[in-house]
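Numbering (the working numbering), first residue to last: 1 to 270.
This is the structure:
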């Protein structure tokens, strides 16, 4: 495939509380050959629908049989949609964790894929948007350009998770990204359009979580944080890391792995 799709998503915020959102990130997924992996992802996706529908049916039957109020866990299952589902890092929990692990397992079993992440540490003494006149949109387009310009080694059509452009701004993300020689076109789209955008959300969420975890942002024993660490540690195992090894060492600006597919993390400069 001479021009392949590349999917871009972001996480975190560039303005607002640094204490609540200390790390901002942008992720890029390059898919050189979409044929087989697309089939595998969507088979997994539809199997998840079927399993969720079956579980809801089982829960309803159990409640009707015993004629008592449902438990909180049962309510959670009943409220789960069977008609539409998006993989989102924030939504991963103990009830659906296996589906996320399965998604990541498919990703790491397909050679040739590339994932690249750019992390911006908002606790850095140099952090701020003064270079962009405190314009969050212009800073976002700059960081997206930086990620793609520094990592792309082949021609791509960029599909970017939809971020609303302020009406007053004259900066168009499409123009900024298409100024890169390797970017032959650009489209902003909602994440429900593509499982690949959702995969970027999950991979980037894991990378950001680990960076924040190294900052002691999360309590070590909470259920929610331990659930997220299951995904993070699965990725680490695929990259040959130990659970205690950070994706990005404190004294490093760049990490790279080439196990089956390319996986890189870069610390951005304000």
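The beta carbon of each residue, even a glycine, is placed where N, CA and C say it ideally should be.
Since we're looking at a predicted model, the values are computed, not measured.
Which residues bound the alpha helix (DSSP H) around residue i?
i           : result
residue 281 : The first residue shown for the chain is 1 and the last is 270, placing residue 281 beyond what the model contains.
residue 209 : 195-214
In terms of DSSP beta bridges, what is residue i paired with?
i           : result
residue 172 : Partner(s): none; residue 172 has no beta bridge.
residue 256 : 264
residue 119 : 25, 267
residue 293 : No statement about residue 293 is possible, as the shown extent of the chain runs from 1 to 270 and does not include it.
residue 114 : 30, 262
On the three-state DSSP scale, how would you describe residue i?
i           : result
residue 25  : strand
residue 227 : helix
residue 61  : helix
residue 273 : Because the chain here runs from 1 to 270, residue 273 falls outside it and cannot be looked at.
residue 95  : coil
residue 271 : Residue 271 falls outside the range modelled here, since the chain spans only 1 to 270, and no answer is possible.
residue 247 : coil
residue 109 : helix
residue 17  : coil
residue 288 : An answer regarding residue 288 cannot be provided, because it is not within the stretch 1 to 270 covered by the chain.
residue 233 : helix
residue 2   : coil
residue 90  : helix
residue 238 : helix
residue 294 : No information on residue 294 is available, as it lies outside the stretch 1 to 270 that the chain covers here.
residue 100 : helix
residue 131 : helix
residue 35  : helix
residue 192 : helix
residue 12  : coil
Is residue i near the ligand FAD, in the sense that its beta carbon is under 8 angstroms from a heavy atom of that ligand?
i          : result
residue 15 : Of the ligands one can find in the structure shown there are none, so the ligand FAD has no counterpart to examine.
Query raised in the report: Does the pairing of the segment 200-207 with the segment 164-174 give three or more beta-carbon distances under 8 angstroms?
Result: no
Query raised in the report: Are at least three pairs of beta-carbons, each pair with one atom in the segment 19-34 and one in the segment 118-127, less than 8 angstroms apart?
Result: yes
Query raised in the report: Any contact of the segment 243-250 with the segment 149-156, i.e. 3+ C-beta pairs under 8 angstroms?
Result: no
Query raised in the report: Are there three or more Cβ pairs, one per stretch, closer than 8 angstroms when the segment 25-35 is compared with the segment 4-17?
Result: yes
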